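Report on the structure given below.
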Amino acid sequence: MAITSPAPDLIPRLTTKLLQLNRSKLRTVLDMITGHCPLNKHLSILGITDSPLCRACMETEETLILVMLQCNGVAEQRAAHLGSSATLHEALGDLGGLLSFWSELGWLE
Ligand SMILES: [Zn+2]
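Our numbering numbers the first residue of the sequence shown as 149 and each following residue consecutively.
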């Protein structure tokens, strides 16, 4: 799912941070922002996987919002890397935590 309606001050701050990332990390973050990351909901739409369900909890569709904010199956990793972010905008405020979270999961590789 793409992120819409960011806070007015988010874009300049985010842009500055994005420009400091290497090419690989920048692509990972941009794929997340645009909703084109290889999560099961997206992969099932493309016909690449049979099930849109979350590989951690198997309870609901695996989307960016589910994994980053809601899934109990990755709650421990999320708390360790992202703290208690309540929104995607908050999570995007900590790109280091965001990238280490996804790196530990290994789901975007
Ligand atoms: Zn889940």
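A virtual CB, placed ideally from N, CA and C, is assigned to each residue, including glycine. Nothing here was measured: the structure is a model prediction, and the numbers come from that model.
Proximity winner among the options, relative to residue i (alpha-carbon distances)
i	options	result
G221	I213, C205, H229, E210	C205
S192	E209, G254, T163	E209
V215	S199, L236, I159, D198	L236
L253	L187, L201, R171, D242	L187
L167	L243, H190, L256	L243
I159	S172, Q225, L178	L178
E265	E207, W250, E238, L201	The chain is shown from 149 up to 257; residue 265 falls before or after that span and cannot be answered.
Whole-angstrom distance between residue j and residue i, CA atom to CA atom
i	j	result
N182	A228	Just to set this straight, residue 182 is Thr in the shown sequence, not Asn. Their backbone Cα atoms lie some 25 angstroms apart in a straight line.
R195	L169	The amino acid at residue 195 is misidentified as Arg; the sequence shows Gly. Going by the C-alpha atoms only, they are around 31 angstroms apart.
L212	T164	23 angstroms
L201	K189	7 angstroms
Integer Cβ distance of residue i from residue j, believed to fall under 8 angstroms
i	j	result
L246	L240	7 angstroms
S199	L217	Wrong, their Cβ atoms sit about 21 angstroms apart, outside the cutoff.
L230	T176	Between T176 and L230 the Cβ distance is about 15 angstroms, and since that is not below 8 angstroms, they are no contact.
Per-residue burial, residue i [other beta carbons within 10 Å of its own, 16 or more giving buried]
i	result
H184	exposed
R226	buried
ask   = What are the complete alpha helix (DSSP H) segments, minimum 4 residues, inside the segment 190-257?
value = 223-230, 236-240, 243-253
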